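Input: a single structure, listed below in structure tokens.
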Amino acid sequence: MPEPRSRGWVFMSEDGVSMRSEVERLLVVDDEGPILHALQRTFEAAGYEVTACLDPAEALDRLKEKEFQVLSADYMMPGMTGAEFLARARALQPETIRILITAAHDFSAAVDAINNGEIFRILAKPWNRVELLGTVRQAFDTYALREKNRQLTDLVKKQNGELADLNRGLEKLVQERTTNLLDGMVAVLDYRDTETQWHSRRVSRFTRRIAEQLGVCDERDLRTIEMGSLLHDIGKIGVRDAVLLKPGPLDQEEWVEMREHPRLGWALLQRIEFLREASEIVLQHQERYDGSGYPAGLKGEAIVLGARLFAVADTYDAITSDRPYRRAQPHAAAVTEIQRVSGTQLDPRVVHAFCAVPETDWVRIRGEVEQISLLEAQWGWTPPRRVFDLIRDAADQKAIRADGPLPLDLAIVKA
Ligand SMILES: [Fe+2]
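For the sequence shown, this note's numbering gives the first residue as 1, with consecutive numbering after it.
The structure is reproduced here in structure tokens:
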């Protein structure tokens with residue numbers, strides 16, 4: 001008996017380059033012994049590895065044990081019809097190419113098997129040797145082509161997945177760098193406007209904390225709220241120093257210019273896709289709950305939640321921070337003032353959430369932001385977002401004091 005041949009179908013390794021061949025295995029089923037043996041001899045002589053079964057039930061057992069590329073079956077067999085056998089064989093090994101070899105008078109009965117079982121070819125008994133071997137060769141070649149197609153499809157799927165991961169990583173990097181750039185701009189603007197650097201950073205963290213207290217838990221929503229609050233005054237970049245820094249009250253014309261800053265900020269952020277939602281907070285951050293704000297005079301819940309949350313955080317920060325013209329007020333004074341304007345300037349539901357946050361949380365957040373400012377003064381650059389996250393994580397375990405030791409291994413962070 002010749003060695004089973006190794007040809008025809010190939011495997012690709014994970015990198016899609018190297019290949020290996022596989023023995024061509026054929027399962028033959030026929031309930032008539034002499035026919036089965038004749039088929040077995042013919043196929044073995046052609047170099048295939050043949051498993052021959054008289055009983056279709058035994059053939060199903062063989063299918064459970066190992067893979068066959070091609071299956072040749074008689075149609076009329078005792079104990080199980082050819083249609084049933086082929087359907088069960090298909091369930092066990094759907095990729096196997098199935099050939100039916102049947103007597104001419106069974107052809108009409110075999111039609112349903114052809115329709116249901118996806119038979120590759122049907123051959124008549126007695127068979128023509130050349131036709132039989134030609135059909136089996138085609139069956140193995142078809143299997144090899146389909147296998148290669150499956151592998152290529154898998155490879156394309158895998159590469160598409162890798163590409164999607166790469167794009168996500170790239171998008172994240174763009175977002176991080178854009179955020180860092182804007183963060184730096186905000187720090188400069190804060191200093192230009194209020195001489196209170198880190199005002200926007202504190203307010204963004206305060207706003208997030210109130211949002212969490214109110215039950216906002218989706219990280220994407222929290223991030224939008226935080227970014228909108230951080231960038232709330234970015235439009236002041238378009239307000240002249242003569243107006244922004246004017247010591248006395250503004251005249252009507254100057255007010256018109258000043259009141260443009262929410263719209264300017266909103267317009268600026270329209271160019272940055274991942275900040276579109278946050279830009280609504282920027283646009284509405286000067287609106288007041290009772291409709292007395294600007295630019296649209298929106299009222300109540302017509303103002304986006306992020307802007308209503310921001311208004312409380314901004315008021316708190318303004319009262320509890322040093323300004324050039326007055327000293328910072330204590331926490332209790334800020335709470336009293338915020339409660340006084342609840343329902344007029346501020347959303348009472350948000351004020352309620354604010355009051356439920358323990359004072360220690362505000363102290364902790366203020367300390368974290370001051371830690372960042374110390375680092376920036378030391379390094380001369382704006383740390384990336386991950387530094388905030390690391391400090392926040394560290395602060396969750398141990399409260400940080402602004403003048404206390406740095407909670408991180410700065411060598412690692414700087415690297
Ligand atoms: Fe503003």
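Backbone N, C-alpha and C fix where the C-beta goes; we use that ideal spot for every residue, glycine too.
These numbers come from a predicted model, not from an experiment.
{"Check": "Determine the closest residue to I272 out of Q175, V203 and L132, with distance taken between C-alpha atoms.", "Outcome": "Q175"}
{"Check": "Helix or strand or just coil, what does DSSP make of N167?", "Outcome": "helix"}
{"Check": "For R259, which residues of its own chain have a beta-carbon under 7 angstroms away from its beta-carbon, when the five flanking residues on both sides are left out?", "Outcome": "Y294 and P295"}
{"Check": "Leaving aside the five residues before and after Q270 along the sequence, list all residues of the same chain whose C-beta is less than 8 angstroms from its C-beta, in chain order.", "Outcome": "R276 and S279"}
{"Check": "Looking only at C-alpha atoms, which of R150, P358 and L268 sits nearest to T178?", "Outcome": "L268"}
{"Check": "For the stretch 92-101 against the stretch 118-138, are there 3 or more C-beta pairs whose distance is under 8 angstroms?", "Outcome": "yes"}
{"Check": "Determine which residues share a DSSP beta bridge with D251 and list them.", "Outcome": "D251 pairs with nothing; no bridge assigned."}
{"Check": "Could you tell me the alpha carbon to alpha carbon distance between L374 and M227, rounded to whole angstroms?", "Outcome": "22 angstroms"}
{"Check": "Would you tell me roughly how many angstroms separate the C-alpha atoms of R121 and V70, rounded to the nearest one?", "Outcome": "11 angstroms"}
{"Check": "Start and end of the beta strand (DSSP E) containing I122?", "Outcome": "R121 to K125"}
{"Check": "Could you tell me whether any non-hydrogen atom of ligand 1 is closer than 7 angstroms to the CB of G190?", "Outcome": "According to the sequence shown, residue 190 is Asp rather than Gly. Not so, every heavy atom of ligand 1 lies at least 7 angstroms from the Cβ."}
{"Check": "Given 8 angstroms as the limit, is there contact between the stretch 70-80 and the stretch 22-38, that is, 3 or more CB pairs closer than that?", "Outcome": "yes"}
{"Check": "So, is D183 buried or exposed, given that buried needs 16 or more other C-beta atoms within 10 angstroms?", "Outcome": "buried"}
{"Check": "Tell me whether A278 sits in a helix, a strand or coil according to DSSP, three-state version.", "Outcome": "helix"}
{"Check": "Mind listing, in chain order, the residues whose beta carbon lies closer than 6 angstroms to a non-hydrogen atom of ligand 1?", "Outcome": "H232, D233, H261, H285 and Q286"}
{"Check": "Does the beta-carbon of T142, which I'm using as the reference point, lie nearer than 7 angstroms to any heavy atom of ligand 2?", "Outcome": "Ligand 2 is absent from the structure shown, which contains only ligand 1."}
{"Check": "Beta-carbon within less than 8 angstroms of P330's beta-carbon, same chain only, minus the 5 sequence neighbours each way: which residues are those?", "Outcome": "T320"}
{"Check": "Taking the straight line between their C-alpha atoms, what separation do you get for L54 and E84?", "Outcome": "16 angstroms"}
{"Check": "According to the Cβ coordinates, are E65 and Q93 closer than 8 angstroms?", "Outcome": "no"}
{"Check": "What three-state label does DSSP hand V239 in the structure shown?", "Outcome": "coil"}
{"Check": "Cα-Cα, which of D233, L214, R220 and V216 is closest to G203?", "Outcome": "The sequence as given places Val at residue 203; Gly does not occur at that position. For the residues D233, L214, R220 and V216, the minimum Cα distance to V203 belongs to D233."}
{"Check": "Starting from the C-beta of D361, find all residues in its chain whose C-beta is less than 8 angstroms away, skip the five residues before and the five after it, and write them out in chain order.", "Outcome": "R209"}
{"Check": "The beta strand (DSSP E) with C53 in it runs from where to where?", "Outcome": "E49 to C53"}
{"Check": "Taking the beta carbon of P249 as the centre, do at least 16 other beta carbons fall within 10 Å, making it buried, or is it exposed?", "Outcome": "exposed"}
{"Check": "Taking the alpha carbon of H199 as the reference point, which residue from N160, G33, P262 and A313 has its own alpha carbon closest?", "Outcome": "A313"}
{"Check": "Can you check DSSP and say which residues form a bridge with L27?", "Outcome": "T51 and L71"}
{"Check": "Using DSSP's beta-bridge definition, name the partner residues of L60.", "Outcome": "According to DSSP, which records beta bridges pairwise, L60 is partnered with nothing at all."}
{"Check": "In whole angstroms, give me the CA-to-CA distance for V216 and A334.", "Outcome": "24 angstroms"}
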